[in-house]
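2 protein chains.
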Amino acid sequence: MKIGIIGGTGDIGEGMALRLSPRYDVIVGSREETRAIAACDLCREALHEQGLECNLLGGTNQRAIDESEIVILAIPFEHVAPTLEVLTGFENKIVVSPVNPIKRATYFYYAPPPEGSAAMMIKGMLPSSAIVCAAFNTIAAGRWKVLDEELDYSVAVCCDDDEVRQTVMDLVDAVSNLRAYDAGPLAAASVVESVTPLLLNIARFNRMRDVGIKFV
Amino acid sequence: MKIGIIGGTGDIGEGMALRLSPRYDVIVGSREETRAIAACDLCREALHEQGLECNLLGGTNQRAIDESEIVILAIPFEHVAPTLEVLTGFENKIVVSPVNPIKRATYFYYAPPPEGSAAMMIKGMLPSSAIVCAAFNTIAAGRWKVLDEELDYSVAVCCDDDEVRQTVMDLVDAVSNLRAYDAGPLAAASVVESVTPLLLNIARFNRMRDVGIKFV
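Protein sequence lines, in the order shown, are assigned to chains A and B. The end of the first sequence is residue 216 by this note's numbering, with every number in the run present. The end of the second sequence is residue 1216 by this note's numbering, with every number in the run present.
Structure (structure tokens):
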């Protein structure tokens, strides 16, 4: 199964590439192909240092879509609309959204678009044959990259298609110690996305770093 | 320190009385005094069976306010406005809101009032000298009552007053294995309250019961 990461040279995208490429064929996408290739070289080095083989390829965001079955949108909420506007070929793809619309005052808060959540907005921007799935929303960027530490978190997965949800839950379960939970239809993604500003507040007000959650 | 529980004969209220009364003086409030007294008798029995002494008193909701420093609103969101309208004497009290405005479709979702959260709505309904604090929002009713099981969860606490927040965090930390975290000002309570519909969805779609969270 091939996984394309849009925004693969960003913080979360790079970490995802590191964690996923030992198990899956991963195409790291970027607006600039040269940056994607450079990021892949660094990832490959980091993985080899850990004694891990990987299957990583750098390319444009468009190529990451065209050559993958699963496309992960590893981009900040503000970049979603302009990024999706210039890309095509999402037909029949599984599109994973770890995107959280968050704003900051003296604290972080959830600031969803009119569609109710980033996931629902993304669904509205893509062709109807693309199946959107919210996942990986609550894992801090800083944790993805630290390869010698396990990711020991719960991951809520929202999707309207049972088969696709299971595919993405299997993907989640294949990463480190992550554990996937079915969190219902895509319309329920808002209560998943809004956990992230809470975790940022917990980190901020308790002087912690990269706080995650476990369902217990 | 005396704690009054408004709605103390409800599911969560009764569980809270059981967990708090071995350590604090607790007044269990109800619209009907006789129900509060009956509930206290049952609680006392359950605690004695566990070899625990307690300090429990049943009374009206109004008495639970009048004789306490901390008032816990253990009532469903729908009952908050009609309940608060007939009660007085909140001046200078610490008011704890574990209230979550939730609605249900084929899944649970967060349905806050125009004020942004139940906590902010409650603040707006009380005299300005009352200090509202969101806490205990994410602990399932079913868990409160099972006295021979520890409550091993994280609890996010929102408050605009540092001293009051610390008082409530100490209260949280005194219950079983609960661990309190500062989650920022009261305006940040929406992202705490909205965790509860997520936990209900996780329980529902994964056939689990009484799901809670830990920050890790």
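In this text, a Cβ means the ideal position worked out from N, Cα and C, and glycines have one as well.
Whole angstroms is fine: what's the gap from residue i's alpha carbon to residue j's?
i	j	result
K1145 of chain B	L18 of chain A	45 Å
A1203 of chain B	I1094 of chain B	32 Å
R1063 of chain B	N201 of chain A	36 Å
V1099 of chain B	C133 of chain A	30 Å
G15 of chain A	C159 of chain A	23 Å
V164 of chain A	L20 of chain A	18 Å
G1059 of chain B	E193 of chain A	42 Å
V26 of chain A	V168 of chain A	15 Å
C1043 of chain B	I1006 of chain B	16 Å
A130 of chain A	P1082 of chain B	46 Å
G1089 of chain B	I1037 of chain B	22 Å
T34 of chain A	L47 of chain A	20 Å
A1135 of chain B	E45 of chain A	46 Å
S1117 of chain B	N1137 of chain B	12 Å
I139 of chain A	Y1024 of chain B	38 Å
R1179 of chain B	D1152 of chain B	8 Å
R1209 of chain B	D162 of chain A	22 Å
C54 of chain A	G4 of chain A	14 Å
E115 of chain A	E1115 of chain B	20 Å
Q166 of chain A	R143 of chain A	24 Å
Could you check whether residue j and residue i sit closer than 7 Å to each other, using their CB atoms as the reference points?
i	j	result
A1141 of chain B	A1183 of chain B	no
K197 of chain A	I102 of chain A	Sequence inspection shows Pro at residue 197 of chain A; the Lys mentioned does not correspond to that position. Cβ atoms of P197 of chain A and I102 of chain A: closer than 7 Å.
E150 of chain A	N177 of chain A	yes
I72 of chain A	S154 of chain A	no
M125 of chain A	L84 of chain A	yes
Y110 of chain A	V1195 of chain B	no
E1091 of chain B	P1127 of chain B	yes
Y1181 of chain B	N61 of chain A	no
V1216 of chain B	F215 of chain A	no
C1040 of chain B	L1056 of chain B	yes
Q50 of chain A	L147 of chain A	yes
To the nearest whole angstrom, what separates the beta carbons of residue i and residue j, a pair I think is in contact under 8 Å?
i	j	result
A1096 of chain B	I1070 of chain B	The amino acid occupying residue 1096 of chain B in the given sequence is Val; Ala does not appear at that position. Correct: roughly 6 Å between the Cβ atoms.
L1186 of chain B	M1120 of chain B	6 Å
A105 of chain A	Y1107 of chain B	The pair is not a contact, with the Cβ atoms about 29 Å apart (cut-off 8 Å).
S68 of chain A	K2 of chain A	4 Å
Which chain A residues are close to residue i, counting only those with a beta carbon under 8 Å from its beta carbon?
i	result
T1060 of chain B	Those within 8 Å of T1060 of chain B in chain A number zero; the least Cβ separation is about 36 Å.
L1178 of chain B	Neighbours of L1178 of chain B on chain A: none; closest Cβ ~12 Å, over 8 Å.
Give me the chain A residues within the contact set of residue i, using Cβ-Cβ distance strictly less than 9 Å, ordered along the chain.
i	result
S1128 of chain B	Chain A residues near S1128 of chain B: none, gap ~20 Å exceeds 9 Å.
A1156 of chain B	L198, N201 and I202
N1055 of chain B	Within chain A, no residue comes near N1055 of chain B; the closest Cβ sits about 30 Å away, beyond 9 Å.
N1206 of chain B	Y181, D182, A183 and F215
D1152 of chain B	V216
What does residue i reach in chain A if we use C-beta pairs closer than 7 Å?
i	result
S1194 of chain B	V191 and S194
Could you tell me which chain B residues have their CB closer than 8 Å to the CB of residue i, listed as they occur along the chain?
i	result
Y109 of chain A	A1187, A1188, S1190 and V1191
T106 of chain A	G1184 and P1185
Mind pulling the chain B residues with CB within less than 7 Å of residue i?
i	result
V211 of chain A	F1215
(request) Decide yes or no for the touch test of the region 1009-1016 of chain B against the region 1026-1045 of chain B: beta carbon pairs closer than 8 Å, at least 3 of them. (result) yes
(request) Determine, using beta-carbon pairs with one atom in the region 73-83 of chain A and one in the region 165-176 of chain A, whether at least three such pairs fall under 8 Å. (result) Too few Cβ pairs lie closer than 8 Å, so no.
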